[in-house]
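In what follows, a single structure is set out as C-alpha cells and then discussed.
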Amino acid sequence: MNARLLAVLLVASAAGFAGDGGFDRVVKAIESHYGVKRTHIPFMGVANFALKMKHPSGTSEFQLAVFDNLDSSPVYRDLADRDRLMQTVAGSGLHPLIVTHSRRDAQSTYIFAADVGKSTVMLLAAFQRDGATIVQVKADGSTLLKALEDPEGTAESMGADADQ
Amino acid sequence: MRMGIAALAVAALTPLCAQDMRLPANIDALAAKAEDSVDVTLDGSMLRLAAKWLHDTGEDAKAKKVLSSLEGIYIRSYHFASEGEYTKADVETFRSQFRAPGWSRLVGARSKRSGGDADVFVKTDANGNLGGLVVVAAEPRELTVVNIVGTIDPAQLADLGGRFHLPALDLTDCNMCRREWK
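Quick note, the sequences are listed as chains X and V, same order. Residue numbers for the first sequence follow our numbering, so the first one is 16 and each next one is one higher. Residue numbers for the second sequence follow our numbering, so the first one is 8 and each next one is one higher.
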C-alpha cells in the first residue's frame, strides 16, 4: 500500500512539474527556506495580462515572483546554502544550465531549462543583496542561447535586475 | 518497502554523482574563496537542445557539428579578488588525476610574463579515439576548468571557443610551450 502510494505521489509530482515547469515549486521552496513570503505586487494580475500581450522578445507565458527582505533570514548570505537549495528544488526535471555568483555585488543568477513538450521552459532566479526575482518563461532557442552566454544581461532584460 | 525507497534514492542520486565525478570535487571548495564564479552544466540532453537552437549556417553550423558528438560540457570558472587565493598545489591536485591511464597531456603552456599556464588533457580509448578533453587554465587571479565529454577533435575547440563560456585558448602568449603525445 505504502509503495503504491509513493509511486502515485511520484507520478503525480512529476506530472505536476511537467505542467508548470517548476515555477510554483521554486517560489514555495524559497518562501519556506527563508521564511519570507513573495512580495504582493498591486495589480499583478493586470501586469501579467500586459506581459502576455507584450512580453520580452522570444518569450511567452511569463510568470514572475519578487521577494524583498530575504536578508532577514540568517542563512540568506550563505551562497553554498543557496546552491544546495536551488539544486534540491530543481530536482530531476529542471536542468541547471548556468550558475553565476558575484560576492562583490552580492548577486547570484541561476538559469534552468526544461523541455516541456515542443517548447523549452526557462526558469531564471536572480538573487540580489536583499531580494530576489524569479522569472519563468517559455523561450525560443535564441533567447536561451543568449541566456547561456549573458546570464546577467538576460536577467536584466526580464526585469530581474539589482534595482528590483 | 525500505529497499524500494533505498533503490529510488540510489537511482535519484546516481546521475548527480556521475556528474560530480566529471569535475574534481575539490575545485568546488575554491568557489567559497572566489569573488566571481561561473558554473556551466550542459549535459547530453541540454546539448542536443542547444544544437537545435543553432542555425545551419556560418559559425553556428560549425558549433552545431561539434555539439552533435558531445555528451557534456562542464565549466567552472573562478575570479579571485587578489593573487594567492588559490595555490599551485590546488591546481596540481586536480591536474594529477589526468596522469591516469587513458589520459594524455596534449598541450602545456606556461607564461612567465603573466604567471599563467594552461594545459589540455585528452582521453583516448583503446582504439585511439578521443573520448574527452579537459582544459585547465590558471591565471594568478583566475582559474577555469573545462571538461568536454564526448568525441572531439582538439582543433574543433576553436569552433566552440567564446561560446557557452568556453575560453578561447590563446597559446601564443607563452615563453615555453610543450606538446606531448603518448
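Yeah, the Cβ is synthetic: ideal placement off N, Cα and C, and Gly gets one too.
Chain V contact for residue 155(X) (CB, 9 Å cutoff): Walking along the first sequence from the start, residue 155(X) turns up at place 140. Output row for residue 155(X): interface = yes.
Proximal residues to residue 114(X) (C-beta, below 6 Å), its chain only, five neighbours per side dropped: Stepping through the first sequence from its first residue, residue 114(X) is reached at position 99. Same-chain partners within the cutoff: 125.
For residue 52(X), the three-state DSSP class (helix, strand or coil): Counting from 1 along the first sequence, the entry for residue 52(X) is found at position 37. Coil, per DSSP.
8 Å Cβ cut-off: residues of chain V touching residue 135(X): The residue you call residue 135(X) lines up with position 120 of the first sequence. What residue 135(X) touches in chain V: 56.
Start-to-end residues for the beta strand (DSSP E) that takes in residue 122(X): As a working note, residue 122(X) is residue 107 in the first sequence. Run containing residue 122(X): 122-131, per the beta strand (DSSP E) assignment.
One or two residues paired with residue 153(X) in a DSSP bridge: Numbered from 1 along the first sequence, position 138 holds the residue referred to as residue 153(X). In DSSP, residue 153(X) forms a bridge with 75(X), 136(X).
Close beta carbons around residue 41(X), own chain, < 7 Å, minus the five adjacent residues each side: The residue labelled residue 41(X) in the question sits at position 26 within the first sequence. 104, 138, 140, 149, listed in sequence order.
Through-space distance from residue 91(X) to residue 131(V), alpha-carbon basis: Taking the first residue of the second sequence as 1, we reach residue 131(V) at position 124. Taking the first residue of the first sequence as 1, we reach residue 91(X) at position 76. Rounded to the nearest angstrom, the two C-alpha atoms are 44 Å apart.
Contact check, residue 79(V) vs residue 155(V), beta carbons under 9 Å: Locating residue 79(V) in the second sequence gives position 72, where the first residue counts as 1. Locating residue 155(V) in the second sequence gives position 148, where the first residue counts as 1. In this structure, residue 155(V) lies closer than 9 Å to residue 79(V) by Cβ.
Rounded C-alpha distance that separates residue 33(X) from residue 70(V): Mapped onto the first sequence, residue 33(X) falls at position 18. Mapped onto the second sequence, residue 70(V) falls at position 63. With a pLDDT of 43 at residue 33(X), under the threshold of 50, the modelled position of this residue cannot be trusted; read the value that follows with caution. Using only the alpha carbons, I get a separation of about 30 Å.
Check whether residue 85(V) and residue 43(V) have beta carbons under 9 Å apart: Indexing the second sequence from 1 puts residue 85(V) at position 78. Indexing the second sequence from 1 puts residue 43(V) at position 36. Against a cut-off of 9 Å, the Cβ pair of residue 43(V) and residue 85(V) comes out as a contact.
Simplified DSSP state of residue 168(X), which is helix, strand or coil: Position 153 of the first sequence holds residue 168(X). Here residue 168(X) sits in helix by DSSP.
Secondary structure of residue 79(V), DSSP reduced to three states: Within the second sequence, residue 79(V) is the residue found at index 72, counting from 1. In this structure, residue 79(V) counts as strand in the three-state DSSP scheme.
Residue 128(X) at chain V interface by Cβ criterion, 9 Å: Within the first sequence, the letter at position 113 stands for residue 128(X). For residue 128(X), the answer is yes, since a Cβ of chain V falls inside 9 Å of its Cβ.
Amino acids of chain X, ordered along the chain, whose beta-carbon sits closer than 7 Å to that of residue 59(V): Reading the second sequence from its first residue, position 52 is the one you call residue 59(V). The contacting residues are 156.
Cβ-based neighbour list, residue 144(X), same chain, cut-off 6 Å, excluding 5 preceding and 5 following: For the purposes of this step, residue 144(X) is identified with residue 129 of the first sequence, where counting begins at 1. Around residue 144(X): 121.
Nearest candidate by alpha-carbon position, reference residue 46(V), set 132(X), 131(X), 127(X): The residue given as residue 46(V) occupies position 39 in the second sequence. Closest by alpha carbon: 127(X).
Supposed contact pair residue 128(V) and residue 111(V) - C-beta distance, whole angstroms, cut 8 Å: Start at 1 with the first residue of the second sequence, and residue 111(V) comes out as number 104. Start at 1 with the first residue of the second sequence, and residue 128(V) comes out as number 121. Rounded, the Cβ-Cβ distance is 7 Å, consistent with contact.
Neighbourhood of residue 58(V) by C-beta distance below 7 Å, restricted to the same chain and skipping five residues each side: Position 51 of the second sequence holds residue 58(V). Around residue 58(V): 71, 74, 75.
Continuous alpha helix (DSSP H) stretch holding residue 73(V): start and end: Taking the first residue of the second sequence as position 1, residue 73(V) is located at position 66. That run of the alpha helix (DSSP H) goes 65-74.
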